[in-house]
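Asker: Numbering (this note's numbering), first residue to last: 1 to 154.
Idealized CB from N, CA, C, for every residue including glycine.
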């Protein structure tokens, strides 16, 4: 794996986690939104990730013919990407507020299905993943710098 592949993998992780944090922030900001453009309460959103793989058939055939003793190598991981942002279909809580403009005929308001504690836990996890990708990039940079220092005889 080359230095640039390492940086690209970490950069894809940084991009994916940044989007995840943006979606979590949107969920937190809409914790009390009872009416959206669709007419109902806000629905919690979740980010779905997928591993990117190098499925280059030429490199597999080349390695099969000229290397690895005839075994086909496993595709190399190339990072992560966001495949979709989906809405959580779980129902929100009903809150009794007869004076609320969005209350039904019984006085209940359907609230968003956002759990602030769950969102904060997800935000911490995304933040830690972001930090791990920064650390991986920093470590790779340090290794390359040390290799260049050794090569130059310093």
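DSSP three-state label for residue 51, please.
Answerer: If DSSP states are grouped into helix, strand and coil, residue 51 belongs with the strands.
Asker: Closer than 8 Å by C-beta to residue 111: which residues in its own chain qualify, once you throw out the five before and the five after it? Chain order, please.
Answerer: 32, 34, 41, 92, 93, 94, 95
Asker: Under the assumption that residue 129 contacts residue 13 (Cβ atoms under 8 Å), give the Cβ distance between them as a whole number of angstroms.
Answerer: 7 Å
Asker: For the stretch 88-136, list the beta strand (DSSP E) runs that are entirely contained and at least 3 residues long, ordered along the chain.
Answerer: 94-96, 108-110
Asker: Which whole-angstrom value describes the C-beta separation of residue 84 and residue 48, a residue pair presumed to lie in contact below a C-beta threshold of 8 Å?
Answerer: 5 Å
Asker: Quick check on this structure: which residue in 145, 44, 50 has the alpha carbon closest to the alpha carbon of residue 82?
Answerer: Out of 145, 44, 50, 50 has the C-alpha closest to the C-alpha of residue 82.
Asker: Could you check what DSSP says for residue 81 in three-state terms: helix, strand or coil?
Answerer: strand
Asker: Go ahead and label residue 44 buried or exposed: buried means 16 or more other beta carbons lie within 10 angstroms of its beta carbon, across all protein chains shown.
Answerer: buried
Asker: By Cβ distance, which residues of its chain are closer than 6 Å to residue 24, with the 5 residues on each side in sequence left out?
Answerer: 119, 122, 123
Asker: By a C-beta neighbour count over all protein chains shown, 10 Å radius and 16 as the cutoff for buried, is residue 152 buried or exposed?
Answerer: Result: exposed.
Asker: Rounded to a whole number of angstroms, what is the C-alpha to C-alpha distance between residue 133 and residue 78?
Answerer: 14 Å
Asker: Let me confirm a value: residue 16 is counted as buried when at least 16 other C-beta atoms fall within 10 Å, else exposed. Which label applies?
Answerer: Taking all protein chains in view, the Cβ of residue 16 is crowded by 16 or more other Cβ atoms within 10 Å, so the residue is classified as buried.
Asker: Figure out for me which residue from 103, 4, 28 has the closest Cα to the Cα of residue 116.
Answerer: 28
Asker: Going by DSSP, what residues sit across from residue 144 in a beta bridge?
Answerer: Its beta-bridge partners do not exist; DSSP assigns none.
Asker: Buried or exposed, going by whether 16 or more other CB atoms sit within 10 Å of the CB of residue 18?
Answerer: exposed
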